[in-house]
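**Student:** My structure is below; once you've seen it, I'll send some questions.
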Amino acid sequence: MNDDTAILGAPKGEKLRRWPLLILLVLALLLYLLTLDNGFLPRELEGGDLITHQYAQVQARPSNAPGYPLYTMGGWLWFHGLRGLLRLAGDSSPNPIPLLSSYSTLWAFVALWLFYLILYRLSQGRWWLAWLISAFYAVTYFFWYYATTTEQYS
Numbered sequence: 018m019n020d021d022t023a024i025l026g027a028p029k030g031e032k033l034r035r036w037p038l039l040i041l042l043v044l045a046l047l048l049y050l051l052t053l054d055n056g057f058l059p060r061e062l063e064g065g066d067l068i069t070h071q072y073a074q075v076q077a078r079p080s081n082a083p084g085y086p087l088y089t090m091g092g093w094l095w096f097h098g099l100r101g102l103l104r105l106a107g108d109s110s111p112n113p114i115p116l117l118s119s120y121s122t123l124w125a126f127v128a129l130w131l132f133y134l135i136l137y138r139l140s141q142g143r144w145w146l147a148w149l150i151s152a153f154y155a156v157t158y159f160f161w162y163y164a165t166t167t168e169q170y171s
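Here's what the structure looks like:
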């Protein structure tokens, strides 16, 4: 970003323009956390990316042929860090699935923030247009799904 742009994407002096982005991010984060994956469906235990990525992040090993090493190692740090914090807070056996899934939520949150900033720039400061498109994208099936499950796509 250049000097005329603040961290949230609004030009200096336009602090009111930051509120739409903050509202979008808070609403998306609430939606994703409320619908975060917290258990397996029986068909998911047969294999596939979800369980493969979960095992890989817990055990710090490659998940599949491409391996996704940055996603896996970051997920390992995220999982063990959150689990350690929850154990310190008194939860001796936290459910690992939402912990692992929330790592995808983190990256979906960052992606949505960047998407809004790009749209804000492309629309020449029309925050309402950037907000509408970003809000629509945030609730599309695939973005929402990958924001709430253990996948590397967000």
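My numbering numbers the first residue of the sequence shown as 18 and each following residue consecutively.
All residues carry an ideal CB built from backbone N, CA and C; glycine is no exception.
Looking at the structure shown, is R143 part of a helix, part of a strand, or coil, going by DSSP?
**Tutor:** For the purposes of this step, residue 143 is identified with residue 126 of the sequence shown, where counting begins at 1. Three-state DSSP puts R143 in coil, outside helix and strand.
**Student:** Ignoring anything shorter than 4 residues or poking outside the region 81-161, list the alpha helix (DSSP H) runs there in chain order.
**Tutor:** 86-105, 113-139 and 144-155
**Student:** Which residue marks the beginning of the alpha helix (DSSP H) containing Q169, and which one marks its end?
**Tutor:** For the purposes of this step, residue 169 is taken as the residue at position 152 of the sequence shown. From DSSP, Q169 is part of no alpha helix (DSSP H); its letter is neither H nor E.
**Student:** I'd like to know if the region 67-76 and the region 85-92 are in contact, where contact means that at least 3 CB-CB pairs between them fall below 8 Å.
**Tutor:** yes
**Student:** To the nearest angstrom, how far is the alpha carbon of L116 from that of T167?
**Tutor:** Locating residue 116 in the sequence shown gives position 99, where the first residue counts as 1. Locating residue 167 in the sequence shown gives position 150, where the first residue counts as 1. The straight-line gap from Cα to Cα measures roughly 9 Å.
**Student:** Would you call the CB atoms of A147 and A155 closer than 9 Å?
**Tutor:** Within the sequence shown, the letter at position 130 stands for residue 147. Within the sequence shown, the letter at position 138 stands for residue 155. No. Outside cutoff.
**Student:** Report all residues from its chain with a CB closer than 6 Å to the CB of H70; omit the five preceding and five following residues, and keep chain order.
**Tutor:** Within the sequence shown, residue 70 is the residue found at index 53, counting from 1. Excluding sequence neighbours, H70 sits near S80 and T167.
**Student:** Between the beta-carbon of T122 and the beta-carbon of L67, is there less than 9 Å?
**Tutor:** One-based indexing of the sequence shown puts residue 122 at position 105. One-based indexing of the sequence shown puts residue 67 at position 50. Not in contact: T122 and L67 (Cβ atoms no closer than 9 Å).
**Student:** Who are the near neighbours of W145 in its chain, counting only those whose CB is closer than 6 Å to its CB and skipping five residues on each side?
**Tutor:** Position 128 of the sequence shown, counted from the first residue, corresponds to residue 145. Contacts found: none.
**Student:** So, with DSSP's three-state summary, where would you put T69?
**Tutor:** The residue you call residue 69 lines up with position 52 of the sequence shown. Here T69 sits in helix by DSSP.
**Student:** Figure out for me which residue from W130, I114 and R104 has the closest Cα to the Cα of D54.
**Tutor:** Taking the first residue of the sequence shown as 1, we reach residue 54 at position 37. When only C-alpha atoms are compared, the closest one is I114.
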